[in-house]
Amino acid sequence: MDRYFDQSIKGVSTGTTILAVKFNGGVIIGSDSRASMGGSYVSSKTINKLIQVHDRIFCCIAGSLADAQAVTKMAKFQLSFHSIQMESPPLVKAAASVMKELCYSNKDELQAGFITAGWDRKKGPQVYTVSLGGMLLSQPFTIGGSGSTYIYGYVDSKYKPDMSREECLQFATNAIALAMGRDNVSGGVVHLVVITEDGAEHVVIPGDKLPKFHDE
Amino acid sequence: MLEESGGPCWLSEEVKTGTTIIGVEFDGGIVLGSDSRVSAGASVVNRVMNKLSLLHDKIYCALSGSAADAQTIAEIVNYQLDVHSVELGEDPLVRSAATLVKNISYKYKEELSAHLIVAGWDRRKGGQVYVTLNGLLSRQPFAVGGSGSSYIYGFVDAEYRKGMSRRETQEFVVNALTLAMSRDGSSGGVAYLVTIDETGTEEKCILGNDLPKFFDQ
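Going down the list, the sequences are from chains A and B.
To convert a position in the first sequence, counted from 1, into this note's numbering, add 72.
To convert a position in the second sequence, counted from 1, into this note's numbering, add 5.
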């Protein structure tokens, strides 16, 4: 876990759990809500890590908060400019590419990874992941952040292609709740955004409404 | 590599059973499971090692961490348990075996880097699983260990239920091992299972192509 100690030197980091999943007709992007400093101090219990970069495109951030905010701010600006020039909403892939360019060109200074998910007219629902060094990858679902290591087994076993909206909501909530249960730098509430052709809907699941597992 | 410094890397790297081990209690017994990969740095030096070691007739332990340390602890405890059971005149308790492992792990905690999960069946308390990480001793309904265990915490938290049958428990263990082996670079190979209950001990080996399949992009 070398990433951990680097982040504590850089300041506030979102030791975190983030995920994005495609379902039949849309995507769900979700995260926990804890921001920590150095692994022992929670600097925010209710931070929203789901950033809207366009009407139907959201990003979620893992890594250094400052880097993530700087990159998403830049991406938001570039995307709105791009969509004015093209006279149509930007493609999800365009949004992901903008993040990728920023991450790759500044790979020595930045310490943040991103998940971009959304809906566009050309390809429908999509999920992209941009890693720390700037690799761009399209996947049916993806998980990230420090809490994600604990749920690889769970998502590998439970993911099915073409889930319904309800099944997908349950899947995302369970996955994040399990990660929060094992990772001490993930916690708080679960933020979910459901993005479809009709728009984006923000769902917040507070701590007492989270699913309980065998030992609770 | 253009320069050959000191021969191949696996000669100089420590041999670890970077691994996945899991022990689960069910009504009437326990199931212990492990993968079979032993690595030295980036090389796999043994792809079929059985990491489930016998401590006594109905008590087994699962090895993880440094291969040498773990094997040595298991051998020492095997000997101590033999002596103990002769003195006692009957089969030792699982807790006794776990305590012997814990004593070594705690006394030499600075020098050793191995974690053993001890599990078995005895007449007094039935099936039991004990963790001995870093020299603590704790009984748990199920336990996972090794480098691959991080990836399956979510899965075992979600899927474990109290009061599973023998067959369900074996399936749970195999599923957990398979998921961990597919994500952890230091776990792989085949899955070894040991099921211990009142009637006896059953050892099973499940080959790679017989393991369950999950969603693969």
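Glycine residues also receive a C-beta, built at the ideal position from the N, C-alpha and C atoms.
DSSP three-state assignment for residue i, whether helix, strand or coil
i               : result
S237 of chain A : Before going on, a small fix: residue 237 of chain A reads as Arg here, not Ser. Three-state DSSP puts R237 of chain A in a helix.
A47 of chain B  : coil
S90 of chain B  : helix
K290 of chain A : A query on residue 290 of chain A cannot be resolved here, the shown segment of chain A reaching from 73 to 288 and no further.
V164 of chain A : helix
E181 of chain A : coil
V149 of chain B : strand
V195 of chain B : coil
R75 of chain A  : Reliability of the predicted coordinates at R75 of chain A is poor, the pLDDT of 40 falling under 50, and the value obtained from them is presented with this limitation in mind. Three-state result, R75 of chain A: helix.
T77 of chain B  : helix
L282 of chain A : coil
L216 of chain B : coil
S41 of chain B  : coil
D221 of chain B : coil
Segment limits, beta strand (DSSP E) that includes residue i
i               : result
V106 of chain B : Looking at the DSSP string, V106 of chain B is not in any beta strand (DSSP E); the run it does join, the alpha helix (DSSP H), is V99 to K112.
V53 of chain B  : Careful: V53 of chain B lies outside any beta strand (DSSP E) and carries neither H nor E.
K209 of chain B : G205 to I211
E115 of chain B : Neither: E115 of chain B is in no beta strand (DSSP E) and is coded neither H nor E.
E30 of chain B  : I26 to F31
L68 of chain B  : I64 to S71
L138 of chain B : Run containing L138 of chain B: none; DSSP gives neither H nor E here.
Whole-Å CB distance - residue i paired with residue j, under 8 Å assumed
i               : j               : result
K232 of chain A : F220 of chain B : 7 Å
T24 of chain B  : S192 of chain B : 6 Å
A184 of chain A : G135 of chain A : 4 Å
S44 of chain B  : V50 of chain B  : 7 Å
G259 of chain A : R106 of chain A : 4 Å
G98 of chain A  : L91 of chain A  : Not a contact, Cβ separation roughly 15 Å.
Where the alpha helix (DSSP H) containing residue i begins and where it ends
i               : result
Q145 of chain B : Neither: Q145 of chain B is in no alpha helix (DSSP H) and is coded neither H nor E.
T183 of chain B : R171 to R188
F160 of chain B : Y158 to E164
>> In chain order, what are the residue ranges of uninterrupted alpha helix (DSSP H) at least 4 long that sit wholly in the segment 97-160 of chain A?
In response: Counting only runs of 4 or more residues that sit fully inside the segment 97-160 of chain A, the alpha helix (DSSP H) segments are 137-158, in chain order.
>> Using 8 Å as the cut-off, can you tell me whether the segment 228-247 of chain A makes contact with the segment 105-124 of chain A, which would need three or more C-beta pairs spanning the two stretches below that distance?
In response: Because the criterion of three Cβ pairs below 8 Å is not met, the segment 228-247 of chain A and the segment 105-124 of chain A do not touch.
>> As an exercise, report each continuous alpha helix (DSSP H) stretch of at least 4 residues that is fully enclosed by the segment 193-278 of chain A, in chain order.
In response: As for any alpha helix (DSSP H) of minimum length 4 sitting wholly inside the segment 193-278 of chain A, the runs are 224-230 and 237-254, ordered along the chain.
> Between the segment 119-134 of chain B and the segment 192-201 of chain A, do three or more beta carbon pairs fall short of 8 Å?
Replying inline: With a cut-off of 8 Å, the segment 192-201 of chain A and the segment 119-134 of chain B do not count as touching, because too few Cβ pairs lie within range.
>> Could you check whether the segment 28-38 of chain B touches the segment 176-185 of chain B, counting it as contact only if at least three pairs of C-beta atoms, one from each stretch, sit closer than 8 Å?
In response: By the criterion of at least three beta-carbon pairs nearer than 8 Å, the segment 28-38 of chain B is in contact with the segment 176-185 of chain B.
> Between the segment 199-216 of chain A and the segment 138-145 of chain B, do three or more beta carbon pairs fall short of 8 Å?
Replying inline: With the cut-off at 8 Å, the segment 199-216 of chain A and the segment 138-145 of chain B do not touch.
> Any contact of the segment 182-192 of chain A with the segment 119-132 of chain B, i.e. 3+ C-beta pairs under 8 Å?
Replying inline: The segment 182-192 of chain A, when compared against the segment 119-132 of chain B, does not touch it at the 8 Å Cβ threshold.
> Does the pairing of the segment 94-102 of chain B with the segment 150-165 of chain B give three or more beta-carbon distances under 8 Å?
Replying inline: Pairwise C-beta distances place the segment 94-102 of chain B out of contact with the segment 150-165 of chain B, as fewer than three of them are shorter than 8 Å.
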